[in-house]
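Undergrad: The sequence shown finishes on residue 238 if you use the numbering used here, and the numbering steps up by one all the way, no holes.
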Amino acid sequence: MRFAKEMAFYSAYHQEKRNVWIHVIGVPTITFTLFVVLSRFSLYEWNGWNLSASLVFTIAVLSYYFTLDVVFAFVATLLFGGLFVTAEWITAQLPSQTAWTIFGLGQVIGWGSQFYGHFVFEKSRPALFDNLFQALVSAPLFVVADVFFELGFRLDLKKAVDDELKQKGVWKDFSVQKTA
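#1: By Cβ distance below 8 Å, which residues in the same chain neighbour residue 81 in space, the five residues on each side in sequence not counted?
#2: Should residue 66 be labelled buried (16 or more other beta-carbon atoms within 10 Å of its own) or exposed?
#3: Kindly list the residues whose CB is nearer than 7 Å to the CB of residue 89, restricted to its own chain and excluding five residues on each side of it in sequence; keep chain order.
#4: Put residue 229 into one of helix, strand or coil per three-state DSSP.
#5: Give the straight-line distance between the Cα atoms of residue 136 and residue 126, rounded to the nearest whole angstrom.
#6: Residue 209 by DSSP, collapsed to three states: which one?
#7: Going by DSSP, name the residue or residues bridged to residue 103.
#8: Tell me where the alpha helix (DSSP H) around residue 170 begins and ends.
#9: Between residue 77 and residue 180, what straight-line distance do the alpha-carbon atoms span, to the nearest angstrom?
This is the structure in structure tokens:
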């Protein structure tokens, strides 16, 4: 299963629960602020309609998601579509300096919290060092999947991801806290 194989790469870096939940907040923050800055770049205008770099990026990424998993892609479309619309509104309503400030703060908070989660809880480096595409494009979909799994949905798919991790020898057991 393609989704399980791709998510297994991501999940190899995200197995400790606190780190996963940090990503549930950090990844959408990074995505939203990326939408804010990409919304500033108009690629084409026609009759008052603006084709922004953010719209092109959003359509491309969501289209990719639908090739991996329709259910997760649908939920991601609702969630990240809302972030996209909000970012477009911010760009249209607020001064450029405010948009860039939102971008800067969101990126620092989003990436900083995730680095913290990796180094403190996961005890490993972030996936972006090995695959930037996964970190910037795939991570939002995998965060949606992580929430589904934590809520007890699609556990057959979670098992397939865990089986991939075990097969690759990168599965970690964080169920027992280790003491020094």
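Built from N, CA and C at the ideal position, the CB exists for glycine as well.
Just so you know, these numbers come straight off a predicted model, no measurement behind them.
TA: This is what the structure gives:
#1: 72, 172, 175, 197, 201 and 204
#2: buried
#3: Listed in chain order, the non-local C-beta contacts of residue 89 below 7 Å within the same chain comprise 138, 141 and 198, local neighbours out to five positions each way being set aside.
#4: coil
#5: 16 Å
#6: Coil at residue 209, not helix or strand.
#7: Paired residue(s): 108.
#8: 154 to 174
#9: 6 Å
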